[in-house]
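Numbering (our numbering), first residue to last: 929 to 1161.
Think of the CB as a built atom: it goes at the ideal place given N, C-alpha and C, for glycine as much as any other residue.
I have placed the structure first, in the form of structure tokens, so that the comments after it can refer back to it.
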């Protein structure tokens, strides 16, 4: 009720002017994703990891939470298994518009990268649902670094959005295209690791904010997974 009261049509227009796609995301399934994103924010801002993070990390996480589901399409009884890649592609378009620096290559290669990332889709099995095509991750990430530089603020936000559907942290809710621990370690360096960890903790909180017992259990499950993924200094 509070989310719906705050996000009037005028407010949605205001947010959508900064982050194009926000209104469309909010229109699906009576705004369930919009409410979820606000709950993720609450989970993030109240978490121990966020309070212990540096100011720079805290600021990056606010943008990552804002954008992690920006291209999500929710339909009754269905999961959107490809929204992380599409949201990352849209984040790559939005962040430069609000002042995040880009490289000299951005004007010439962005559209090709945007299309490649947003359409990196395959099938789970012969007749299964659409899922993100993890085989294309190396090229997607290489493109992020060509567009924004290595581990710049924009690159870290986009990578966090990109990978937030690639790690299973709760066995009861496995990702449809989860990367193996070995594969994840290839992407999780010392700067990206704490951001994705905060993202996954907050994302779980976003679904269980008012169910403390499940929230605490999922937190422990997530921490156990990330303890095994921690990069070596």
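Between the CA atoms of residue j and residue i - distance to the nearest angstrom
i, j, result
"residue 959", "residue 991", "20 angstroms"
"residue 1032", "residue 1000", "30 angstroms"
"residue 945", "residue 1047", "24 angstroms"
"residue 988", "residue 949", "19 angstroms"
"residue 973", "residue 1155", "21 angstroms"
"residue 1073", "residue 1079", "8 angstroms"
"residue 1018", "residue 998", "8 angstroms"
"residue 1039", "residue 1016", "13 angstroms"
"residue 1005", "residue 1120", "33 angstroms"
"residue 1056", "residue 1050", "10 angstroms"
"residue 1152", "residue 1099", "12 angstroms"
"residue 1029", "residue 1075", "9 angstroms"
"residue 1148", "residue 1036", "44 angstroms"
Cβ neighbours of residue i in the same chain (closer than 6 angstroms, five flanking residues each side left out)
i, result
"residue 1022", "947"
"residue 966", "931"
"residue 1134", "964, 967, 968 and 971"
"residue 1020", "1086"
"residue 1103", "1093 and 1096"
"residue 951", "940 and 944"
Residue i burial status per 10 Å Cβ neighbour count (16 or more: buried)
i, result
"residue 940", "buried"
"residue 983", "exposed"
"residue 1214", "Not covered by the structure: residue 1214. The range shown for the chain is 929 to 1161."
"residue 954", "buried"
"residue 1158", "exposed"
"residue 1118", "exposed"
"residue 1060", "buried"
"residue 1027", "exposed"
"residue 1138", "exposed"
"residue 934", "exposed"
"residue 1122", "buried"
DSSP bridge partner residues for residue i (one or two, in chain order)
i, result
"residue 1058", "1051"
Nonlocal neighbours in the same chain, by C-beta distance under 8 angstroms from residue i, ignoring five residues either side
i, result
"residue 956", "1000, 1001, 1002 and 1003"
"residue 975", "1126, 1129, 1130 and 1133"
"residue 1069", "1087, 1090 and 1115"
"residue 1106", "1094, 1095 and 1096"
"residue 1062", "1094, 1105, 1107 and 1111"
Beta-carbon contacts of residue i that lie in its chain and below 7 angstroms, excluding the five residues immediately before and after
i, result
"residue 986", "978"
"residue 1042", "1017, 1020 and 1021"
"residue 994", "947"
| How about the stretch 1007 to 1022 and the stretch 1091 to 1108: do they share at least three Cβ pairs that are nearer than 8 angstroms? | yes
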